[in-house]
Each structure stands twice: as structure tokens, then as C-alpha cells.
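K.L.:
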Amino acid sequence: MAAYTAPGWYGKLPSTGDFLHRRLSEQQISPWNHWFQQGLIHWHQQAWSYSANFLHAPVWNFVLPVTATRPHVQMGCLLPSCDRVGRAWPLLALHSFPLAQWHPAQLTISGDWFHDLGATLLRAVQTPLDGEQLEQQIQALPPLLVPARKPSEIMDVIGFQDLPCTLSWREVAERFDPQQHMSYWWSNRSDGFAHATHKHSGNLTAQLFSLLFNPAAGAQPGRNGLYPPMFE
Numbered sequence: 001m002a003a004y005t006a007p008g009w010y011g012k013l014p015s016t017g018d019f020l021h022r023r024l025s026e027q028q029i030s031p032w033n034h035w036f037q038q039g040l041i042h043w044h045q046q047a048w049s050y051s052a053n054f055l056h057a058p059v060w061n062f063v064l065p066v067t068a069t070r071p072h073v074q075m076g077c078l079l080p081s082c083d084r085v086g087r088a089w090p091l092l093a094l095h096s097f098p099l100a101q102w103h104p105a106q107l108t109i110s111g112d113w114f115h116d117l118g119a120t121l122l123r124a125v126q127t128p129l130d131g132e133q134l135e136q137q138i139q140a141l142p143p144l145l146v147p148a149r150k151p152s153e154i155m156d157v158i159g160f161q162d163l164p165c166t167l168s169w170r171e172v173a174e175r176f177d178p179q180q181h182m183s184y185w186w187s188n189r190s191d192g193f194a195h196a197t198h199k200h201s202g203n204l205t206a207q208l209f210s211l212l213f214n215p216a217a218g219a220q221p222g223r224n225g226l227y228p229p230m231f232e
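Numbering (the UniProt record's numbering), first residue to last: 1 to 232.
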């Protein structure tokens with residue numbers, strides 16, 4: 001297994017007034033920026049839309065498939081944040097994979113990476129850290145391990161499906177398909193939030209944004225945890 005570069009990140013921090021980003025291109029940021037804008041418009045229209053609800057939403061892990069506007073698989077963490085004057089805006093960090101480099105075992109071995117990344121982002125918002133301090137902490141994280149695309153002797157013997165799963169939501173590792181339109185979201189739990197999961201079919205929507213950033217509004221019983229899928 002080989003180590004890749006540190007994840008890219010984008011968003012706002014309570015210690016600053018500007019948008020910040022590292023190692024993410026404008027092409028990568030644009031779909032997220034559009035979703036955040038549309039999501040916040042929808043979020044502010046809800047009766048419960050006050051800052052405490054947004055800022056107290058959980059840290060989410062996610063993995064997103066390839067789409068027309070997102071030509072790479074993306075996995076990472078997302079959480080609520082704001083700028084220096086309190087304007088709500090999320091913070092995210094992610095690692096991207098070209099489809100040809102995606103390995104079915106990737107999620108199985110990435111549980112610790114998700115947890116450490118989410119905890120680092122949470123610390124940046126709560127402390128709060130500035131952009132350079134966050135960048136230093138992200139650079140100091142243990143690198144994401146990436147299985148080689150060529151079969152290894154170990155993989156040949158035990159098979160990736162027999163590796164111990166390090167994720168808190170095993171279904172993600174078993175069911176995620178980078179060429180289907182299903183994204184997976186589950187609570188990072190570095191913030192003490194209960195285990196919560198969600199599957200979303202299709203493009204990221206304003207309704208999904210409101211579900212993720214106001215857990216109480218989406219707390220409906222469903223077989224996938226806190227949030228049932230939006231489409232069957």
C-alpha cells in the first residue's frame with residue numbers, strides 16, 4: 001500500500017473572514033460551492049434555522065461516486081463552520097480518486113483516516129485555528145493508505161472482502177459503487193454524536209443539506225439509521 005498526499009480542504013473558519021482552500025482546484029470546489037449556496041438558502045427558509053442548530057450539527061464522513069460534474073470518486077469529511085462574523089458556511093476536506101485508481105478495498109481500510117480527519121476539522125472550528133494552523137495539522141495526519149490496483153499476494157490469498165472493516169458503517173464498504181449514483185454519509189463521531197447514517201441517490205440537493213445540518217429535522221426511523229434514503 002502506498003501513501004498519497006494530504007487531503008485537500010475548502011471552506012470557512014471562525015478565525016477568518018475569507019474562503020480558504022488548499023490542494024483543491026476551482027473545478028473541484030465549484031460543485032461543492034454550488035451545493036453549499038443552494039443548501040444555505042433552503043436552510044435559512046426553515047423555521048428552525050438559527051445558528052446554534054447549524055453549528056451543532058455533526059461531523060459527517062462521506063463518499064461520493066463519479067458524476068458528470070464530479071469526474072473523480074471523493075471521500076472525506078464535512079462539518080458546519082462559519083466566518084469571523086458568524087456567517088454560516090461548511091468546512092470540508094477530501095481525497096479524490098480517478099475511477100481507474102479506485103480499489104474496492106479502499107473504504108474497508110479507511111476508518112482511522114476518516115476519524116482522524118474529522119477530529120482535525122472539528123478542532124479547527126472549535127479552537128479555533130487559522131488556515132495555516134489547520135494546514136499544518138492536516139499535513140501531520142497519518143496518510144491515507146491506498147491499495148495497489150495490481151493484485152497483491154495478500155489480496156490473492158484472503159481477498160479484499162475478507163479484510164477487517166475499520167468503518168463504523170460496514171455497509172459503505174460493502175455496497176458503495178463508484179459508478180452508481182448513490183452517495184453515503186455517516187457521522188464521524190469524533191464530536192460525540194450518535195451513530196447516524198444516510199444514503200442519497202442523485203445530485204446533492206438543498207434538502208440533503210438541510211437534513212445533514214439539522215439532525216433533529218431528519219430524525220425519522222429508517223433502516224439506514226437516523227436518515228432513511230431519499231430515493232429507493
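Ideal Cβ positions, reconstructed from N, Cα and C, are used throughout, including at glycine.
(1) Nearest-angstrom Cα distance between Gly11 and Trp89?
(2) Using a Cβ-Cβ cutoff of less than 7 Å, which residues in the same chain neighbour Pro98 once the five nearest sequence positions on both sides are dropped?
(3) What residues in its chain sit with their C-beta under 8 Å from that of Pro65, if we drop five residues either side in the sequence?
(4) Taking the beta carbon of Val172 as the centre, do at least 16 other beta carbons fall within 10 Å, making it buried, or is it exposed?
(5) If you follow the beta strand (DSSP E) that Pro164 is part of, which residue opens it and which one closes it?
(6) Hey, quick one: how far does the alpha helix (DSSP H) through Thr197 stretch, first residue to last?
(7) Please classify Pro58 as buried or exposed, where buried requires at least 16 neighbouring CB atoms within 10 angstroms.
(8) Count the other CB atoms, across all protein chains shown, that sit within 10 Å of the CB of Gly8; report buried if there are 16 or more and exposed otherwise.
(9) Alpha carbon to alpha carbon, how far is Thr5 from Pro143?
(10) Taking just the CA atoms, how far does His56 sit from Ala47?
(11) Would you check if the distance between the CB atom of Pro131 and the CB atom of Leu24 is smaller than 8 Å?
(12) Which whole-angstrom value describes the C-beta separation of Ala93 and Ile29, a residue pair presumed to lie in contact below a C-beta threshold of 8 Å?
P.N.:
In brief:
(1) For this step, residue 11 is matched to residue 11 along the sequence shown. For this step, residue 89 is matched to residue 89 along the sequence shown. When only Cα atoms are considered, Gly11 and Trp89 end up about 7 Å apart.
(2) Counting from 1 along the sequence shown, the entry for residue 98 is found at position 98. Once the five neighbours on either side are set aside, the close Cβ partners of Pro98 are His72.
(3) By one-based count along the sequence shown, residue 65 stands at place 65. If you ignore the 5 residues before and after Pro65, its C-beta comes within less than 8 Å of the C-beta of Val73, Phe176, Asp177, Pro178, Gln179, Gln180, His181, Met182, Ser183, all in its own chain and listed in chain order.
(4) By one-based count along the sequence shown, residue 172 stands at place 172. Label assigned to Val172: buried.
(5) Here residue 164 is taken as the residue at index 164 of the sequence shown, counted from 1. Taken as a continuous stretch (DSSP letters only), Pro164 belongs to no beta strand (DSSP E), as it is neither H nor E.
(6) Walking along the sequence shown from the start, residue 197 turns up at place 197. In the DSSP annotation of this structure, Thr197 is not part of any alpha helix (DSSP H); the continuous beta strand (DSSP E) holding it starts and ends at 197-201.
(7) Locating residue 58 in the sequence shown gives position 58, counting from the first residue. It counts as buried.
(8) Counting from 1 along the sequence shown, the entry for residue 8 is found at position 8. Buried is the call here.
(9) In the sequence shown, residue 5 corresponds to position 5, counting from 1. In the sequence shown, residue 143 corresponds to position 143, counting from 1. The straight-line gap from Cα to Cα measures roughly 7 Å.
(10) Here residue 47 refers to the residue found at position 47 when the sequence shown is read from its first residue. Here residue 56 refers to the residue found at position 56 when the sequence shown is read from its first residue. A direct Cα-Cα distance of roughly 16 Å separates Ala47 from His56.
(11) Position 131 of the sequence shown, counting from 1, holds the residue named residue 131. Position 24 of the sequence shown, counting from 1, holds the residue named residue 24. Strictly speaking, residue 131 in this sequence is Gly, with Pro absent from that position. In this structure, Leu24 does not lie closer than 8 Å to Gly131 by Cβ.
(12) For the purposes of this step, residue 93 is taken as the residue at position 93 of the sequence shown. For the purposes of this step, residue 29 is taken as the residue at position 29 of the sequence shown. Cβ-Cβ separation between Ala93 and Ile29: approximately 12 Å, too far for a contact (criterion under 8 Å).
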